[in-house]
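Enquirer:
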Amino acid sequence: MKVAIITEGYHGTGYGHLTRCLSIYQAFEEKGITPLYIANCDEVGKKYIHDVNLLQMNWLDKSDELINTLIDFDIAVIDSYLAPKELYERIYKTVRKVVYIDDYIRLDYPPGIIVNGTIGAENLPYKKDDEQEYLLGIEYMPLRKEFWDVDVPNRNGKIENILITFGAQDFLKLTPKILTFLLKQFTNYEYYVVGGKLPSDLINQVNVHYHDSVNADRMLELMLNSDIAVTAAGQTTYELARVCLQTIAIGVAENQKFNLKGWKASDFIYEEIWSEDYNLFEKVERNFVKMTNTKRKALVDGQGARRLINFCL
3 MKVAIITEGY HGTGYGHLTR CLSIYQAFEE KGITPLYIAN CDEVGKKYIH DVNLLQMNWL
63 DKSDELINTL IDFDIAVIDS YLAPKELYER IYKTVRKVVY IDDYIRLDYP PGIIVNGTIG
123 AENLPYKKDD EQEYLLGIEY MPLRKEFWDV DVPNRNGKIE NILITFGAQD FLKLTPKILT
183 FLLKQFTNYE YYVVGGKLPS DLINQVNVHY HDSVNADRML ELMLNSDIAV TAAGQTTYEL
243 ARVCLQTIAI GVAENQKFNL KGWKASDFIY EEIWSEDYNL FEKVERNFVK MTNTKRKALV
303 DGQGARRLIN FCL
């Protein structure tokens, strides 16, 4: 069986699509199928997908080349915020089955399988069509394989270690701002920071442990050993929910609004927080003092990628 996964990820877009598609790639591999991973990405993006069967190309500008590559493929999975509907139509006419990864009803997709693993996606107003199949809701959220089969720790009520991560790019430079605030307000904690750019005076603080980037194994380890996480309200929140780590999620992009609403409705977060809130730090502090680090309900079981692949096959 020939499978292609098509996505993008570079400095201007962030790299969340690359890691999400990596999880789908890994689930196909588990079934003995090695997909062709077609990525419109930069060199930093390649670091997130270094173990895949990669074809690096700007398929947006080279759509004819992409379509020629896909001839005789059985399945194409496409995860993009940039691809126009016309390209989706061409892919649909070229391969036997198409899977569209969607977050916010971005397009009126051609016939195929629409997957939206966002929490609460089953309640979004998708236009149900007999030519479409829908996999909606948190049970279909693909997570990296390191998060598939995890023993969730019993939280002991103590708060000692804080994880801060706003992605590799951290376009809004929230990492140093949030860390500086927390260091002043909560001096006795250990702070583990992943991504973002920190000035040397913050990196050199004795209770700050900085990582420019980490692999999935190390990120899982950090999450399991942390007591509170402060993060952007994107893909990482699903990994945090997988390990039942209490989280302060801050919206940094419009497409994260469904995540925030869903996490609030499920009581995974205490309140919706946006980066532009005038009282951002007040909200962060208010949420911090509510944290108890006790046992929480598991909202994500980590099996989303497996469910998707089983449905496709």
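So in my numbering, the last one in the sequence shown is 315, and the numbering has no gaps at all.
We treat Cβ as the ideally placed atom computed from N, Cα and C, and that holds for glycine.
1. In the stretch 198-269, which residue ranges form an unbroken beta strand (DSSP E) of at least 3 residues, counting only runs that do not cross its ends?
2. Which of helix, strand or coil does DSSP assign to V46?
3. Take K64 as the anchor and find which of D229, I40, T294 has the nearest alpha-carbon.
4. According to DSSP, is I121 part of a helix, a strand, or is it coil?
5. Which value, in whole angstroms, describes the spacing of the CA atoms of S82 and N190?
6. Check this for me: beta carbons of Y17 and A235, under 9 Å apart or not?
7. Quick one: Cα of V101 to Cα of L282, how far?
8. Ordered along the chain, which non-local residues of its own chain (more than five positions away) have a Cβ less than 8 Å from that of H13?
9. Nearest by alpha-carbon distance to M59: which of A243, Y27, G11 is it?
10. In angstroms, rounded to a whole number, what distance separates the CA positions of I140 and R298?
11. Can you tell me whether Q305 is helix, strand or coil according to DSSP?
12. Among I271, I93, I166, whose alpha-carbon lies nearest the alpha-carbon of F75?
13. Between the C-alpha atoms of K129 and I116, what's the straight-line distance to the nearest angstrom?
Expert: Well, looking at it:
1. 210-213, 230-234, 249-253
2. helix
3. I40
4. coil
5. 42 Å
6. no
7. 38 Å
8. D44, V46, Q171
9. G11
10. 17 Å
11. coil
12. I93
13. 11 Å
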